[in-house]
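Below you'll find the structure, written out as C-alpha cells, and then a few comments.
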Amino acid sequence: MKNSITEAISDFFFEYETPRQVLVRNRRVGVVCRLIQLGVLVYIIGWVFIYEKGYQTEDTAIGSVFTKMKGVAYTNISGEQKVWDVSDYVYPDQGAESFVVMTNFIITVGQTQSTCPELPDGKNTCHSDEDCKKGEFKRTGNGEMTGKCVNTTNTCEIMSWCPVEDDRQIPDPPLLLAAENYTLFIKNSITFPEFNVVRSNLVEGVDQNYIKTCMFHPEKDPLCPIFKLGDIAQYSGFNFTQIAQGGGAIGILIDWECNLDLRIQKCIPKYRFHGLYGSSSEGASVGYNFRKAKYYVEDKVEKRTLMKVFGLRIDIIVHGLARKFDIIPTLTAIGSGVGIFGVATVVCDLVLLYLLPKRDFYKNMKFKYTTVQDEVPKEQPEKVDERKE
Amino acid sequence: MKNSITEAISDFFFEYETPRQVLVRNRRVGVVCRLIQLGVLVYIIGWVFIYEKGYQTEDTAIGSVFTKMKGVAYTNISGEQKVWDVSDYVYPDQGAESFVVMTNFIITVGQTQSTCPELPDGKNTCHSDEDCKKGEFKRTGNGEMTGKCVNTTNTCEIMSWCPVEDDRQIPDPPLLLAAENYTLFIKNSITFPEFNVVRSNLVEGVDQNYIKTCMFHPEKDPLCPIFKLGDIAQYSGFNFTQIAQGGGAIGILIDWECNLDLRIQKCIPKYRFHGLYGSSSEGASVGYNFRKAKYYVEDKVEKRTLMKVFGLRIDIIVHGLARKFDIIPTLTAIGSGVGIFGVATVVCDLVLLYLLPKRDFYKNMKFKYTTVQDEVPKEQPEKVDERKE
Amino acid sequence: MKNSITEAISDFFFEYETPRQVLVRNRRVGVVCRLIQLGVLVYIIGWVFIYEKGYQTEDTAIGSVFTKMKGVAYTNISGEQKVWDVSDYVYPDQGAESFVVMTNFIITVGQTQSTCPELPDGKNTCHSDEDCKKGEFKRTGNGEMTGKCVNTTNTCEIMSWCPVEDDRQIPDPPLLLAAENYTLFIKNSITFPEFNVVRSNLVEGVDQNYIKTCMFHPEKDPLCPIFKLGDIAQYSGFNFTQIAQGGGAIGILIDWECNLDLRIQKCIPKYRFHGLYGSSSEGASVGYNFRKAKYYVEDKVEKRTLMKVFGLRIDIIVHGLARKFDIIPTLTAIGSGVGIFGVATVVCDLVLLYLLPKRDFYKNMKFKYTTVQDEVPKEQPEKVDERKE
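Protein chains in written order, with my numbering: chain A, 1 to 389; chain B, 1001 to 1389; chain C, 2001 to 2389.
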C-alpha cells in the first residue's frame, strides 16, 4: 500500500510498547520479591554508591619529593676526633627521594694501586703458589692474582687497591649512633593530571612557624613533615641500634586519598612506614651496605679512601589516589544495577512458577501458548484456557 | 508420565518466551518515550563510546629517561676566573631523570677538622662559657661545642669542619646566570606492557639533523627534545634570575596520550612544565639548595671544599596512557546501556499509569489480576474486564 | 476512600508483577534464541569471568629496588696497570634502581683552569683571530674564547679546563671488556597497598645457599636474582662488545602478576629485558655516555681528572599487578551480563516478528492494541483478533 513508510514512521513515534504484566496477589511471593528487590536496591545505593563511591572516577597522582637531613655526629676513632655533617653522611647529596644515611662504616685510608696479600677471611686461603694462578680473578677476590702465595697470611698476593679492605669486623656499637637524632625534612608536591589539582604536603596550617618547632608523631603531629630518624626506624619495626650497625632499608609511604567532591583542604597526606629489608626475618640477604671511594692525589700518586658504608636507605614512595564525581561511572553503575534488578525478577519467577502450590495456575496466567506447531501442548487445562480466549 | 525429562529438554530447546506487550497508540506517551529512549541512545553512543571511548581498555606506560646538559659558564669571583662545564654544575653526573643544575653557590674552600667559633647569625649567640655546654650539639649549630664562648664573635666555639660556612649572604645576581642558555636534551622511551608497544620521544621526523638545529617551542617545535633552561623556567611560570638565585624545582611532564586504534605515528609526547616549589606563593619552604663537599688531602691533612649549591632541580615525569579497542569494556558498556534503557521504560510506564487521564484504561490493558487470594480485587471495571477475557 | 494509603502499602507489599509472556512453540525460533542466549552466557561466564577475571579488583604495586654489582676488571693502558673494582666503575655508588656500569672511558688527567687551544675536531677551525671573538662561547666549544687563533691547531684558544678532552677516538675494543663477567644482584620488595600484601623477589626457595651458587637463566633459574652483565645485554638483544664500546641503556622489567585468590607462593616475579637505546636501529642518538670529574688539589692548585664514561645504564622497572576477588566488579559484570541478555531477547523478537512467515500471527500474540486514538489500526486480521478477545 502507498505512503506506508510515513505511516510506519508515524506509528513508530506515536506508539509505545509496554510489557503486559500479571499482578499476582500473593502474600508469600509478594513479600519475598519485595525483599529481594529491596536487597538489590540497598546494595546498589548503599554499597556501590555510598561505600565504594561507584559514582566517581579515579586518578593517580604524579609526585615529586625533596628531602633534607639535619644533624651532626661526632666520632672518636683511636684518638682521632671527627665531626660528621650532612654532606659527610648522606648519599647522594642533592636531596633525592631515595637516599642513604650512613650510620656505620669501615674506612680504609690511602689505598693505592699495588700488590698485597688477599684478606685472610678463609675464602682465599692458599698453600703454595699453585693455588694462585697468575693473571686470574677469584669471584670472591679483590683483584688479579700475581701467582704468589704469601706465607704470612696464607693468601694469594693480588694486584689491586692496597691495602685490601678488612671488613671481617663490623664496628659494634655503630660509630654514628648519634644518627638516631638526625631529622629528616620531606617536601612533597603532587599533581592529579586528570583533575588538574596540585597539592603539597605543606598543607593549610603547616606553615613556617609550625615547621620550625614540630616533630612528626602519628597521633599528635600527623602532618608535620619533619621526622626523627630514630622514630622512623621504630615506626618501621626496627631496633635502631641493630639496624644502624648492619644497615637496612625503610620505605616511607606518603599516602594521598583524596575525595575531590569534598573541600580540597580535606586532601591531606598520611605517612606510613614499613621496613623493606634489614629485618633478620628475611633469610637471604640481610642489611644494607655499599662502598664509596674518595679519590685524591698525593705525591703524584692517585690514592683513594675507601669506605664501606652501612646505613639506612630511605625510599620515599608517593601513592596518590583522587576520586571525583563523574557521570559515566554513575550511569554505568545504575545500568548494571537495573540489570541486577532483572536478576531479582528472574528469581521471583522461579519461586512463583516452580515452588508455589498454585504454580500451574500462575504459569497459566503468565504464559500464553501458541499452538501452530505439529506437537500438541501437553497440559490440558492450559489448552482449554487457550481456547477460551 | 514417562520420558518427561527428554520432553522437558526438547521443550526448553524448541520453545521461546517473549514478553507480551501492550501497544499504546497515544501521541503524548509515544513521543515522550521515544524522546527518553533517544536520549539514552544518544548518551550511550555519543558519550560513552565516542567521547569517553568506553569501548577501549587502558594501559599505563613504563618509561625510562636519559638527560644530557650542554653549556659552559664563566665566573670571575674576586679576580679568580673560572669556567664551569657540565661535570662541574650538574648533580648527579650520569644523566638521571631527576637532577640539579647549579645556578648559584656559596663556596668554603679548605675546611679542616678543627675548632672555630660558630657563625654569628644570631641563633648561636653566647655571653659566657655557661651558654656553651661542652660536648653538646645545638640543633641550629654546626658541630660539637667545646664549652668556650668566643668574645670576638659572641658565639660558642665548636669542633667542626672549620672555618664554618657563612651562608648569610646569597650571591645576588646569581653567579652562574649564564645557566639560562644551557640546553637540556631529553631522551625518553616508554613501553606499554599490555599492548606491548614501545615508543621513543625521538618520533618519526625527529632525526639526527633536526636535533642538531632545533630548540623546543610549544607551538613551533613541540616535538624537539632540546630545551633551553631559561625557557623551561619561564614555561613553568618562574622568573629565571629570581629562581636562579635561591633555587627551585621544576617538573617536566612528558605526557603520552595514545589511541592505539589509530596509526602509531599519532602516538606522540606532549611536554608540560610546572613549577613544583621555589615560588614565593608557597609560604613554608622556599627555594632549593643542598651542600656538596669535595674531599682532598693536602699535606697529609684531609680537607674539603664545601659548596652550598643553589640550583634548578628538574624532575622529569613520564605519564603515559594508551587506549585500545577491547571487546570486554565494549560489551560491558552495551550491557549497562541496555540496563539504562530499562530505566527509560520504567519512567514511561510511570507517565502512562499515573499521569495520563486514561491511566485506568491503560492499567487495565497492562495488568492482569490474579484472584486466587482471599482479598477481593478492589477496582470493579477491571474485574469485569478480567472476566470478559 | 478512607485508609487508602495503608491499602496501597499493603498492596505494594503483597502484590508482585511478573511480565506476561508468549510461549512460542517453534523449532527455528527456539533454537536460534537458545543459541544466542547460550552465546551470551558462554561469553559472560567464559570470557568475563574465567578469562578476564572480571570478578576481581586490581591493585598496582609500590616497589623498592636495591642493586649490588660484583666483579673486578684489569686494564693496562700504555704500560700503566690498573685494577677497577665496584666503587671505580659503578655510578652512583649506593645501589640505586637506576645505575651505570662503566665499560669504556676516555680519561684526561690533571686538567687545570687555564688557556689552551680548542680541540681540532673540525667544528672549531679558525683562520685568523677574527674567527675567535673574545669573551664569547661557541655552542660546540668547551670554554670562553680568548680571541686568539692558535696556528698549530688552527683552532681558537679558549679559557677552560685544560688540556681539553680529546674524544675523537673511542677506545675499541672497550677497555673494560671484562665487565661482561660482572654479576648484578637485585633485591626487590613490593607492596600492594590495597590488599596490604608485601612480597620480596627472594621468594620461597631462593635462600642464602641458592643465591651463593645460582646464576639467572630464563628457563633453568628464572627466579635467581643474580645476573651476568653479558647475559643481560644479550637477553636485551645487544652485542656486548658493541654496546660496551659506545654505551647503551637496558631496562630490566620485574613483572609481578599476582592472583591473590591463589596461594601467595604463586605470586612470583618474572624478569624481562629490553634494550632502551644503544641500538643502531634508532637513528637519532645512539649510545650512552656522560662525563665524570674527580677533583683534587695539587701544589695548591685545584685540578680534576675528567672521565668520559661509556657504559651500560641499567634501569630496573617494577611493574606489579595483583588481582583479588571482590563483590563489586562481580555484580557489575553480572548486571551488565543480564543487560546483554536483554539484547539477545531483542534480536530474537526481530527474528520472530519480521523474518518468520507466521510473523503476523506472532505479532498478534505478542501485542495487544489499544484503540483509544482516532486513527484506525491498519492490519485487519489483527483488529479482528483484537475484537475476538
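For each residue, glycine too, the CB sits at the ideal point set by N, CA and C.
Asked, Found
"Run through DSSP, which three-state label would C1149 of chain B get?", "strand"
"Since V2072 of chain C meets chain A, which of its residues come closer than 8 Å, beta carbon to beta carbon?", "F137, G141, N142, G143, E144 and S160"
"8 Å is my cut-off, CB to CB: does F1290 of chain B come that close to chain A?", "yes"
"Taking DSSP as the reference, what is the three-state secondary structure of K1300 of chain B?", "coil"
"Starting from R28 of chain A, trace the alpha helix (DSSP H) both ways and give me its first and last residue.", "R27 to V42"
"Under 8 Å by Cβ, that's how I've got P269 of chain A and P2019 of chain C pegged, so tell me the actual separation to the nearest angstrom.", "About 53 Å; that fails the 8 Å criterion."
"Between the segment 1317–1330 of chain B and the segment 1060–1074 of chain B, are three or more C-beta pairs nearer than 8 Å?", "yes"
"Output the boundary residues of the beta strand (DSSP E) element that contains L2350 of chain C.", "Element bounds for L2350 of chain C: not the beta strand (DSSP E) but the alpha helix (DSSP H), I2327 to L2350."
"On the three-pair Cβ rule with 8 Å, is the segment 92–101 of chain A touching the segment 134–147 of chain A?", "no"
"Measure the C-alpha to C-alpha separation of I1005 of chain B and D1011 of chain B and round it to an integer number of angstroms.", "10 Å"
"State the CB to CB distance for the pair V2042 of chain C and V2318 of chain C, rounded to an integer number of angstroms; the pair is presumed to be in contact (CB under 8 Å).", "Actually they do not touch by this definition, with Cβ atoms about 37 Å apart."
"Ends of the alpha helix (DSSP H) at S1010 of chain B?", "S1004 to F1014"
"Per DSSP, which residues does F1137 of chain B bridge with? Please list them.", "B:E1144"
"Which chain C residues sit within Cβ distance under 7 Å of P19 of chain A?", "P2019"
"Starting from Y2091 of chain C, follow its DSSP beta bridges and name the residues at the other end.", "C:V2100"
"Note down, in chain order, all residues in the segment 329–354 of chain A with a beta-carbon under 9 Å from any beta-carbon belonging to chain C.", "T332, A333, G335, S336, G337, V338, G339, I340, F341, G342, V343, T345, V346, C348, D349, L352 and L353"
"Grab the span of the beta strand (DSSP E) containing T2075 of chain C for me, first residue to last.", "A2073 to I2077"
"Can you give me the C-alpha to C-alpha distance between V1024 of chain B and N364 of chain A, rounded to a whole angstrom?", "24 Å"
"In chain order, what residues of the same chain have a beta carbon less than 7 Å from the beta carbon of S114 of chain A, not counting five sequence neighbours either side?", "C162"
"Verify the CB distance criterion: does C1156 of chain B have a CB-CB separation below 8 Å to chain A?", "no"
"List in chain order: all unbroken beta strand (DSSP E) runs of 3+ residues lying wholly within the segment 189–233 of chain A.", "197–200 and 226–228"
"Any heavy atom of the ligand SAH inside 7 Å of the beta-carbon of T1153 of chain B?", "The ligand content of the structure shown is nil, which means the ligand SAH is not present either."
"I'd like to know if G1095 of chain B contacts chain C, where contact means its C-beta is closer than 8 Å to some C-beta of that chain.", "yes"
"Whole angstroms are fine: how far does the CA of Y1362 of chain B sit from the CA of Q21 of chain A?", "12 Å"
"Since N2364 of chain C is in the alpha helix (DSSP H), which residue starts that stretch and which ends it?", "R2359 to K2366"
"To the nearest angstrom, how far is it from the Cα of V2343 of chain C to the Cα of V1338 of chain B?", "7 Å"
"For a contact defined as C-beta to C-beta under 7 Å, what are the partners of V1042 of chain B on chain E?", "Within the model displayed, chain E is absent; protein chains A, B and C are what it includes."
"With a CB to CB cut of under 6 Å and the five nearest residues on each side skipped, what residues in its chain are close to D1349 of chain B?", "none"
"Pop quiz: G110 of chain A and T305 of chain A are said to be a contact at Cβ under 8 Å. What is the actual Cβ separation, rounded to whole angstroms?", "7 Å"
"So which residues of chain A does V2150 of chain C contact, with C-beta pairs closer than 9 Å?", "Near V2150 of chain C there are no residues of chain A at all, since even the closest Cβ is about 28 Å away, more than 9 Å."
"Does any C-beta atom of chain A lie closer than 8 Å to the C-beta of L2356 of chain C?", "no"
"Give a yes or no on whether 8 Å exceeds the smallest Cβ distance from K1368 of chain B to chain A.", "yes"
"Keeping to the same chain, check which residues put their C-beta closer than 8 Å to that of L2176 of chain C; ignore five residues upstream and five downstream.", "A2073, T2075, W2084, Y2089, M2102, T2103, N2104, F2105 and A2244"
"At 9 Å on the CB atoms, spell out the chain C contacts of Q1265 of chain B, in chain order.", "Within 9 Å Cβ-Cβ: nothing; Q1265 of chain B doesn't reach chain C, min ~15 Å."
"Can you tell me where the beta strand (DSSP E) holding A2244 of chain C begins and where it ends?", "Not the beta strand (DSSP E): A2244 of chain C falls in the alpha helix (DSSP H), residues F2240 to G2246."
"Applying a beta-carbon distance threshold of less than 8 Å, which residues of chain C neighbour Q1081 of chain B?", "Q2113 and M2159"
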